[in-house]
Amino acid sequence: MPAEPHLSPMPKDWQRALAVVAHPDDLEYGAAAAVAEWTAAGREVSYLLVTRGEAGIDGLAPSECAQVRETEQRAGAALVGVHTVEFLDGHQDGTIQAGTALRRDLAAAIRRHRPELLITLNHHDTWAGGHWNTPDHRVVGRAVLDAAGDAGNRWIFPELADTRGLAPWNGVRWVAVAGSPYPTHAAEVGPGIDRAVASLAAHGAYIRGLRGPDQDPHTYARTFVEQMLRTGGERYRGHPATLFQVFPR
4 MPAEPHLSPM
14 PKDWQRALAV
24 VAHPDDLEYG
34 AAAAVAEWTA
44 AGREVSYLLV
54 TRGEAGIDGL
64 APSECAQVRE
74 TEQRAGAALV
84 GVHTVEFLDG
94 HQDGTIQAGT
104 ALRRDLAAAI
114 RRHRPELLIT
124 LNHHDTWAGG
134 HWNTPDHRVV
144 GRAVLDAAGD
154 AGNRWIFPEL
164 ADTRGLAPWN
174 GVRWVAVAGS
184 PYPTHAAEVG
194 PGIDRAVASL
204 AAHGAYIRGL
214 RGPDQDPHTY
224 ARTFVEQMLR
234 TGGERYRGHP
244 ATLFQVFPR
(Lines of atoms letter the chains of each structure in order from A and count residues from 1; the text may use other names and numbers.)
(Lines give C-alpha, C1' and ligand atoms only; values in the text may rest on other atoms or scores of the structure.)
Protein backbone atom coordinates (compact mmCIF):
# COMPACT_ATOMS: atom_id res chain seq x y z
CA MET A 1 0.00 0.00 0.00
CA PRO A 2 1.54 3.38 -0.98
CA ALA A 3 2.20 5.99 1.67
CA GLU A 4 -0.47 8.63 2.14
CA PRO A 5 1.21 12.02 1.72
CA HIS A 6 -1.54 13.82 3.64
CA LEU A 7 -0.50 12.18 6.91
CA SER A 8 1.57 14.55 9.04
CA PRO A 9 3.87 13.73 11.97
CA MET A 10 2.27 14.12 15.39
CA PRO A 11 3.01 17.42 17.12
CA LYS A 12 5.95 17.25 19.51
CA ASP A 13 5.92 20.69 21.14
CA TRP A 14 3.92 19.68 24.20
CA GLN A 15 4.68 18.37 27.68
CA ARG A 16 1.40 17.11 29.23
CA ALA A 17 -1.24 14.82 27.77
CA LEU A 18 -4.45 13.35 29.15
CA ALA A 19 -5.89 10.22 27.54
CA VAL A 20 -9.63 9.72 28.10
CA VAL A 21 -11.38 6.53 27.01
CA ALA A 22 -14.40 4.45 27.96
CA HIS A 23 -12.84 1.18 29.12
CA PRO A 24 -9.68 -0.47 30.40
CA ASP A 25 -7.75 -1.80 27.35
CA ASP A 26 -9.04 0.89 24.93
CA LEU A 27 -5.68 2.66 24.89
CA GLU A 28 -3.71 -0.59 24.68
CA TYR A 29 -5.55 -1.43 21.46
CA GLY A 30 -4.92 1.97 19.95
CA ALA A 31 -2.36 4.36 21.35
CA ALA A 32 -0.05 2.67 23.88
CA ALA A 33 2.93 2.35 21.53
CA ALA A 34 2.94 6.10 20.95
CA VAL A 35 2.41 6.73 24.67
CA ALA A 36 5.45 4.58 25.45
CA GLU A 37 7.59 6.68 23.10
CA TRP A 38 6.30 9.93 24.56
CA THR A 39 6.88 9.01 28.20
CA ALA A 40 10.36 7.71 27.35
CA ALA A 41 11.09 11.14 25.88
CA GLY A 42 10.14 12.77 29.21
CA ARG A 43 6.57 13.81 28.45
CA GLU A 44 3.83 13.34 31.04
CA VAL A 45 0.79 11.25 30.08
CA SER A 46 -2.13 10.50 32.41
CA TYR A 47 -5.06 8.14 31.85
CA LEU A 48 -8.72 8.72 32.69
CA LEU A 49 -11.17 5.82 32.32
CA VAL A 50 -14.87 6.63 32.23
CA THR A 51 -15.78 3.12 33.46
CA ARG A 52 -13.99 0.16 35.00
CA GLY A 53 -15.06 -2.16 32.18
CA GLU A 54 -17.38 -4.05 34.52
CA ALA A 55 -19.50 -5.50 31.70
CA GLY A 56 -16.52 -6.75 29.72
CA ILE A 57 -16.08 -10.38 30.85
CA ASP A 58 -19.10 -12.65 30.51
CA GLY A 59 -17.91 -15.12 33.16
CA LEU A 60 -17.39 -12.50 35.89
CA ALA A 61 -20.01 -10.56 37.82
CA PRO A 62 -19.68 -6.79 37.24
CA SER A 63 -18.39 -6.04 40.75
CA GLU A 64 -15.61 -8.61 40.46
CA CYS A 65 -14.86 -7.74 36.86
CA ALA A 66 -14.42 -4.07 37.73
CA GLN A 67 -11.74 -4.91 40.31
CA VAL A 68 -9.90 -7.21 37.91
CA ARG A 69 -9.95 -4.78 35.03
CA GLU A 70 -8.91 -1.79 37.14
CA THR A 71 -5.90 -3.76 38.38
CA GLU A 72 -5.01 -4.82 34.83
CA GLN A 73 -5.33 -1.25 33.57
CA ARG A 74 -2.99 0.14 36.20
CA ALA A 75 -0.43 -2.57 35.45
CA GLY A 76 -0.67 -2.03 31.69
CA ALA A 77 -0.36 1.72 32.02
CA ALA A 78 2.76 1.46 34.18
CA LEU A 79 4.45 -0.63 31.48
CA VAL A 80 4.27 2.33 29.08
CA GLY A 81 5.34 4.90 31.66
CA VAL A 82 1.90 6.10 32.80
CA HIS A 83 1.60 6.27 36.58
CA THR A 84 -1.50 8.43 36.99
CA VAL A 85 -4.59 6.35 36.21
CA GLU A 86 -8.00 7.60 37.32
CA PHE A 87 -11.50 6.16 37.03
CA LEU A 88 -14.75 8.09 36.99
CA ASP A 89 -17.74 7.01 39.04
CA GLY A 90 -21.35 7.23 37.95
CA HIS A 91 -20.99 5.96 34.37
CA GLN A 92 -21.83 2.34 33.55
CA ASP A 93 -19.93 0.15 31.13
CA GLY A 94 -22.05 -0.51 28.05
CA THR A 95 -24.60 2.21 28.74
CA ILE A 96 -22.58 5.42 29.08
CA GLN A 97 -25.00 8.30 28.60
CA ALA A 98 -24.19 11.25 26.38
CA GLY A 99 -24.99 14.57 27.97
CA THR A 100 -23.93 17.27 30.36
CA ALA A 101 -23.08 14.95 33.28
CA LEU A 102 -20.34 13.28 31.27
CA ARG A 103 -19.13 16.54 29.75
CA ARG A 104 -18.93 18.08 33.24
CA ASP A 105 -16.85 15.20 34.58
CA LEU A 106 -14.48 15.38 31.62
CA ALA A 107 -14.19 19.17 31.77
CA ALA A 108 -13.32 18.87 35.47
CA ALA A 109 -10.60 16.34 34.70
CA ILE A 110 -9.15 18.52 31.95
CA ARG A 111 -9.07 21.50 34.31
CA ARG A 112 -7.28 19.41 36.95
CA HIS A 113 -4.68 17.89 34.62
CA ARG A 114 -4.23 20.94 32.34
CA PRO A 115 -3.06 19.01 29.28
CA GLU A 116 -1.90 20.45 25.99
CA LEU A 117 -2.81 17.23 24.17
CA LEU A 118 -6.00 15.23 24.68
CA ILE A 119 -6.11 11.64 23.45
CA THR A 120 -9.24 9.55 22.96
CA LEU A 121 -10.55 6.61 20.92
CA ASN A 122 -12.55 6.50 17.70
CA HIS A 123 -15.81 8.43 18.04
CA HIS A 124 -17.07 7.67 14.55
CA ASP A 125 -19.92 5.29 13.81
CA THR A 126 -17.59 2.72 12.20
CA TRP A 127 -14.03 1.47 12.27
CA ALA A 128 -11.87 1.28 9.16
CA GLY A 129 -13.34 -1.48 7.03
CA GLY A 130 -16.90 -0.62 7.98
CA HIS A 131 -17.30 -2.53 11.26
CA TRP A 132 -19.81 -0.82 13.58
CA ASN A 133 -18.31 0.96 16.58
CA THR A 134 -19.69 0.52 20.10
CA PRO A 135 -21.97 3.08 21.78
CA ASP A 136 -19.50 3.74 24.61
CA HIS A 137 -16.65 4.58 22.23
CA ARG A 138 -18.85 6.90 20.19
CA VAL A 139 -20.26 8.70 23.23
CA VAL A 140 -16.96 9.15 25.06
CA GLY A 141 -14.99 10.21 22.00
CA ARG A 142 -17.50 12.91 21.13
CA ALA A 143 -17.71 14.05 24.75
CA VAL A 144 -13.92 14.46 24.89
CA LEU A 145 -14.01 16.67 21.80
CA ASP A 146 -16.74 18.77 23.38
CA ALA A 147 -15.15 18.89 26.84
CA ALA A 148 -11.96 20.38 25.41
CA GLY A 149 -13.97 23.53 24.80
CA ASP A 150 -16.08 23.24 27.95
CA ALA A 151 -12.93 23.20 30.08
CA GLY A 152 -11.89 26.61 28.84
CA ASN A 153 -15.23 28.40 29.14
CA ARG A 154 -15.86 29.79 32.62
CA TRP A 155 -19.61 30.12 31.94
CA ILE A 156 -20.08 26.44 31.08
CA PHE A 157 -20.23 24.44 34.32
CA PRO A 158 -19.38 27.50 36.48
CA GLU A 159 -19.75 25.31 39.56
CA LEU A 160 -16.41 23.70 38.72
CA ALA A 161 -14.68 26.97 39.60
CA ASP A 162 -17.14 28.24 42.18
CA THR A 163 -17.37 25.14 44.38
CA ARG A 164 -14.42 22.97 43.35
CA GLY A 165 -11.75 25.55 42.67
CA LEU A 166 -11.11 24.32 39.13
CA ALA A 167 -10.18 27.36 37.08
CA PRO A 168 -10.87 27.27 33.32
CA TRP A 169 -8.14 25.69 31.19
CA ASN A 170 -7.80 26.88 27.61
CA GLY A 171 -4.48 25.18 27.02
CA VAL A 172 -5.68 22.15 25.04
CA ARG A 173 -4.08 22.57 21.61
CA TRP A 174 -5.01 19.29 19.97
CA VAL A 175 -7.38 16.35 20.43
CA ALA A 176 -5.88 13.16 18.94
CA VAL A 177 -8.29 10.32 18.13
CA ALA A 178 -6.72 6.86 17.98
CA GLY A 179 -8.33 4.18 15.83
CA SER A 180 -10.15 6.69 13.62
CA PRO A 181 -10.95 5.57 10.06
CA TYR A 182 -9.90 9.07 8.97
CA PRO A 183 -6.33 9.54 10.23
CA THR A 184 -4.49 12.79 9.63
CA HIS A 185 -1.29 12.25 11.65
CA ALA A 186 1.15 9.49 12.53
CA ALA A 187 3.53 8.81 15.41
CA GLU A 188 6.43 6.58 14.38
CA VAL A 189 7.32 4.00 17.02
CA GLY A 190 10.31 1.76 17.67
CA PRO A 191 11.45 0.87 21.19
CA GLY A 192 7.91 1.47 22.41
CA ILE A 193 6.56 -1.55 20.52
CA ASP A 194 7.65 -4.16 23.07
CA ARG A 195 6.30 -2.05 25.90
CA ALA A 196 2.99 -1.66 24.07
CA VAL A 197 2.76 -5.41 23.59
CA ALA A 198 3.40 -5.98 27.29
CA SER A 199 0.82 -3.31 28.14
CA LEU A 200 -1.92 -5.08 26.18
CA ALA A 201 -0.84 -8.50 27.47
CA ALA A 202 -1.32 -7.18 31.01
CA HIS A 203 -5.06 -7.41 30.33
CA GLY A 204 -4.82 -11.18 30.58
CA ALA A 205 -8.19 -11.87 32.21
CA TYR A 206 -9.95 -9.70 29.64
CA ILE A 207 -8.12 -11.27 26.70
CA ARG A 208 -8.94 -14.78 27.87
CA GLY A 209 -12.54 -13.75 28.44
CA LEU A 210 -12.66 -12.33 24.93
CA ARG A 211 -10.66 -14.95 23.04
CA GLY A 212 -11.06 -18.08 25.17
CA PRO A 213 -9.30 -19.57 28.21
CA ASP A 214 -6.52 -21.14 26.12
CA GLN A 215 -5.46 -17.87 24.50
CA ASP A 216 -1.97 -16.76 25.51
CA PRO A 217 -2.26 -13.01 26.19
CA HIS A 218 1.29 -12.20 25.12
CA THR A 219 0.98 -14.03 21.79
CA TYR A 220 -2.34 -12.35 21.09
CA ALA A 221 -0.97 -8.92 22.05
CA ARG A 222 2.15 -9.33 19.93
CA THR A 223 0.14 -10.32 16.86
CA PHE A 224 -2.42 -7.54 17.24
CA VAL A 225 -0.05 -4.68 18.09
CA GLU A 226 2.57 -5.48 15.47
CA GLN A 227 -0.07 -5.83 12.74
CA MET A 228 -1.70 -2.54 13.69
CA LEU A 229 1.61 -0.67 13.74
CA ARG A 230 2.79 -2.29 10.51
CA THR A 231 -0.43 -1.25 8.77
CA GLY A 232 -0.01 2.28 10.12
CA GLY A 233 3.54 2.41 8.85
CA GLU A 234 2.52 1.27 5.38
CA ARG A 235 0.15 4.21 5.20
CA TYR A 236 2.83 6.65 6.37
CA ARG A 237 6.58 6.27 5.75
CA GLY A 238 7.15 2.54 5.91
CA HIS A 239 8.12 2.49 9.59
CA PRO A 240 5.77 1.19 12.31
CA ALA A 241 3.40 3.96 13.34
CA THR A 242 0.30 4.71 15.37
CA LEU A 243 -2.22 6.78 13.42
CA PHE A 244 -4.42 9.53 14.85
CA GLN A 245 -7.07 11.89 13.59
CA VAL A 246 -5.98 15.21 15.08
CA PHE A 247 -8.36 18.09 15.71
CA PRO A 248 -6.47 21.35 16.34
CA ARG A 249 -7.95 23.83 18.80
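Using our numbering, read the sequence shown as starting at 4 and increasing by one per residue.
All C-beta atoms in this analysis are idealised placements derived from N, C-alpha and C, irrespective of residue type, glycine included.
Remember, it's a predicted structure, so these values are computed and weren't measured experimentally.
Residue range 47 to 52 is occupied by the beta strand (DSSP E) that includes TYR50. Three or more Cβ pairs drawn from the segment 33 to 52 and the segment 84 to 98 lie within less than 8 Å of each other, which places the two stretches in contact. When DSSP states are grouped into helix, strand and coil, THR187 belongs to the coil group. Straight-line measurement puts the Cα of ASP96 at about 13 Å from the Cα of ASP61. Taking every protein chain shown into account, the CB of HIS134 has fewer than 16 other CB atoms within 10 angstroms, so this residue is exposed. Straight-line measurement puts the Cα of GLY168 at about 38 Å from the Cα of TYR185. CA-CA distance, HIS188 to PHE247, rounds to 5 Å. In the structure shown, the three-state DSSP call for VAL38 is helix. Taken through DSSP and simplified to helix, strand or coil, ILE99 comes out as coil. For ARG117, the closest of ALA34, THR234 and ARG176 by C-alpha to C-alpha distance is ARG176.
Contact annotation: PRO171 and ARG114 have beta-carbon atoms nearer than 9 Å. Residue burial is scored here from C-beta neighbours: PRO27 has at least 16 other C-beta atoms within 10 angstroms and is therefore classed as buried.
Under the three-state reduction of DSSP, GLU67 is assigned to helix.
Distances from the alpha-carbon of HIS126 to those of ARG107, ALA112 and ALA146 put ALA146 closest. With a 10 Å radius around the Cβ and a threshold of 16 neighbouring Cβ atoms, GLU67 comes out exposed.
In this structure, the straight-line span from the alpha carbon of ALA199 to that of ARG157 is close to 38 Å.
As a beta-bridge residue in DSSP terms, SER11 pairs with HIS188. In the three-state reduction of the DSSP assignment, PRO251 falls in the strand class, which pools E and B. For ILE122, the secondary structure class from DSSP, reduced to helix, strand or coil, is strand.
Excluding residues up to 5 positions away in sequence, GLY79, SER202 and LEU203 lie with their Cβ nearer than 6 Å to the Cβ of GLU31 in the same chain. Sequence-distant Cβ neighbours of LEU105 in its own chain, meaning closer than 6 Å and more than five residues away, are ALA146.
Collapsing the DSSP output to three states places LEU246 in a strand. CA-CA distance, GLN18 to ASP165, rounds to 28 Å.
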